[in-house]
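Okay, structure first, notes after.
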Ligand code: G3I
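In the working numbering, the protein residues as written are 7 to 366.
What follows is the structure, encoded as structure tokens:
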């Protein structure tokens, strides 16, 4: 009798263990599709029908050999995460510091990578000499124009494209009450494009913003502004959709964002892609295979949808940094996250294969 009891208890324990193991790795209710095998010597960019870029840190490019190795091997487009912002390039009224940005541009060109410039005009990351500048509207206009034209001229022939104006709308679709708008009025945006075009008529000029996928009001406001600039003959060639997004963002909203951007007729850049997972900002969250698969599914859907727009409009997709340890997201949200296609050791995550699969 005792033996029989022990036997049934053992069977029950075994069944419990088996059921727990089978649940651990299954994303949601559906069956797990085995990830495609990507040979280690593959380069992501060679598998893609459009350029694939990364925003990079100068410090990591100079000091982390794994990081610089992955960037050179996997990508064929490069954006400076911070080195071309106003404060980095133009720290005081009469001095420019080109060292870091030149380092990145030269490295990119030596490695046959395209350089996308980020960013000529933004409401933030401005040096104190700008935020405390005192002058009439002509003096402000001169400040803005001189910065844009000095920077574009410096990189002329080396930087293919620029985010000319970055993040000029609130999520509500209302134009941002930035220092530039306060000092120079609503139409300063058009003049930024004209100034950049005068300095390098061959550069492709983009308006760049976030939130296309989660705010219909913002997406519509951006579309309307771009169509108005185009109708006035303002030199604008591209729309940048940052896509700092989440693993729960719906198919429908991602599709609407990409379709609306493509309807401008301009080149479309998914310019700052990352897919964060810790939307509830849980301190102790860990990166599970379920989350990895859900993240991969979003990366794949974004790339798949992007790949349906006309070929001439596919400027490319850029991820906002390379490995999870380098992402801006954990610092910003105050909680851990793993938003990028490479892990903290620069090994490929399921999201990496998903990007390639999405472009097939
Ligand atoms: O380099 C200084 C360092 O000298 C100083 O000791 C330290 C102290 O705070 O700051 C360092 O600068 C930081 C810089 O990143 C480099 O790490 C700035 O404080 C910090 O504000 C800056 O954050 C960047 C942020 O833009 C603001 O410029 C993020 O790295 C960068 O990922 C983020 O990128 C933006 C895009 O440009 C526009 N779209 C959204 C995206 C994410 O916020």
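We put the CB at the ideal spot given by N, CA and C, even for glycine.
Bridge-paired residues (DSSP) for residue i
i: residue 152; result: Paired residue(s): none; residue 152 is not in a bridge.
i: residue 127; result: 171
i: residue 348; result: 329 and 354
i: residue 279; result: 325
i: residue 247; result: 215 and 276
i: residue 181; result: 175
Residue burial classification, residue i (beta-carbon count within 10 angstroms, cutoff 16)
i: residue 324; result: buried
i: residue 234; result: exposed
i: residue 282; result: buried
i: residue 178; result: exposed
i: residue 91; result: buried
i: residue 169; result: buried
i: residue 146; result: buried
i: residue 272; result: buried
i: residue 317; result: exposed
i: residue 193; result: exposed
i: residue 353; result: exposed
Enclosing alpha helix (DSSP H) for residue i [first to last residue]
i: residue 170; result: Run containing residue 170: none in the alpha helix (DSSP H); it sits in the beta strand (DSSP E), 167-172.
i: residue 224; result: 222-237
i: residue 295; result: 295-312
i: residue 74; result: 71-80
i: residue 288; result: Per DSSP, residue 288 belongs to no alpha helix (DSSP H) and is neither H nor E.
Delimiting residues of the beta strand (DSSP E) encompassing residue i
i: residue 369; result: Since the displayed the chain opens at 7 and closes at 366, residue 369 lies outside it and no answer follows.
i: residue 86; result: 83-86
i: residue 58; result: 58-62
For residue j and residue i, the rounded distance between their alpha carbons
i: residue 212; j: residue 121; result: 13 Å
i: residue 343; j: residue 327; result: 14 Å
i: residue 175; j: residue 47; result: 42 Å
i: residue 249; j: residue 364; result: 16 Å
i: residue 199; j: residue 292; result: 44 Å
i: residue 27; j: residue 171; result: In this prediction, residue 27 has a pLDDT of 35, which is less than 50 and means its spatial position is unreliable; nothing more can be read from the coordinates.
i: residue 232; j: residue 361; result: 29 Å
i: residue 226; j: residue 204; result: 29 Å
i: residue 341; j: residue 289; result: 5 Å
i: residue 124; j: residue 299; result: 31 Å
i: residue 8; j: residue 296; result: Note on residue 8: pLDDT 45, under 50, position unreliable in the model; the coordinate value appears next. About 41 Å.
i: residue 321; j: residue 173; result: 19 Å
i: residue 247; j: residue 58; result: 14 Å
i: residue 351; j: residue 359; result: 17 Å
i: residue 348; j: residue 104; result: 29 Å
i: residue 214; j: residue 261; result: 18 Å
i: residue 284; j: residue 80; result: 26 Å
| Taking three-plus beta-carbon pairs below 8 Å as touching, is the region 253-273 in contact with the region 312-319? | yes
| task | Evaluate contact between the region 219-233 and the region 185-192, counting only Cβ atoms and requiring at least three cross-stretch pairs below 8 Å. | result | no
| task | Could you tell me whether the region 106-121 touches the region 147-164, where touching means 3 or more Cβ pairs closer than 8 Å? | result | yes
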